[in-house]
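Okay, structure first, notes after.
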Amino acid sequence: IQSRENAYDLEANLAVLKLYQFNPHKYNKDVTCQILLKALTNFPHTDFILCRCLLSEKQCAEKPVDQIIYLADILERCDFQAFWTRILSMPELSLRIVGFA
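For the sequence shown, the residue numbers in full-length UniProt numbering are 1 to 101.
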């Protein structure tokens with residue numbers, strides 16, 4: 001809902017990721033990707049780091065989660081040109097969030 005309505009609720013997103021920790025069989029990679037992308041929109045705040053810390057190493061290594069983590073690394077380095085080049089080459093990610101690209 002947050003992705004479609006251009007809204008953002010960090011606490012709700014953290015709660016969802018925490019529920020996935022307790023119920024790994026309910027893990028939804030698509031929802032996780034949307035949460036991470038929404039957290040990217042709140043840079044430079046620590047939202048993305050908080051969300052990423054609730055993911056397992058295995059989840060962080062999965063595509064496209066690993067690509068989103070790479071995007072966050074680019075943003076942290078303030079390499080905005082590389083960020084936009086990369087995100088625009090991945091419309092399957094950027095089009096998930098209203099107003100993202």
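Built from N, CA and C at the ideal position, the CB exists for glycine as well.
Note that the structure is predicted; figures quoted are calculated from it, not measured.
So which of the options has the shortest CA-CA distance to residue i?
{"i": "Leu50", "options": "Pro91, Tyr8, Asn6, Leu14", "result": "Leu14"}
{"i": "Val98", "options": "Pro24, Tyr20, Ile35", "result": "Ile35"}
{"i": "Cys33", "options": "Arg52, Arg86, Pro44, Asn42", "result": "Arg52"}
If you check the beta carbons only, do residue i and residue j fall under 8 Å apart?
{"i": "Leu93", "j": "Gln67", "result": "yes"}
{"i": "Val65", "j": "Lys38", "result": "no"}
{"i": "Phe83", "j": "Leu75", "result": "yes"}
{"i": "Leu54", "j": "Lys18", "result": "yes"}
So residue i is in the alpha helix (DSSP H); what residue range does that whole segment cover?
{"i": "Ala7", "result": "Where Ala7 is concerned, there is no enclosing alpha helix (DSSP H), given that its DSSP letter is neither H nor E."}
{"i": "Phe40", "result": "It is Leu, not Phe, that sits at residue 40 in the sequence shown. Taken as a continuous stretch (DSSP letters only), the alpha helix (DSSP H) holding Leu40 covers 29 to 40."}
{"i": "Asp47", "result": "47 to 53"}
{"i": "Pro24", "result": "Premise fails: Pro24 is in no alpha helix (DSSP H) and is neither H nor E."}
{"i": "Glu62", "result": "Where Glu62 is concerned, there is no enclosing alpha helix (DSSP H), given that its DSSP letter is neither H nor E."}
{"i": "Pro91", "result": "91 to 94"}
Under a Cβ-count criterion, where at least 16 other Cβ atoms within 10 Å of its own Cβ denotes burial, should residue i be classed as buried or exposed?
{"i": "residue 110", "result": "Because residue 110 is not part of the residues shown, which for the chain are 1 to 101, the question remains open."}
{"i": "Tyr70", "result": "exposed"}
{"i": "Asp47", "result": "buried"}
{"i": "Ala12", "result": "exposed"}
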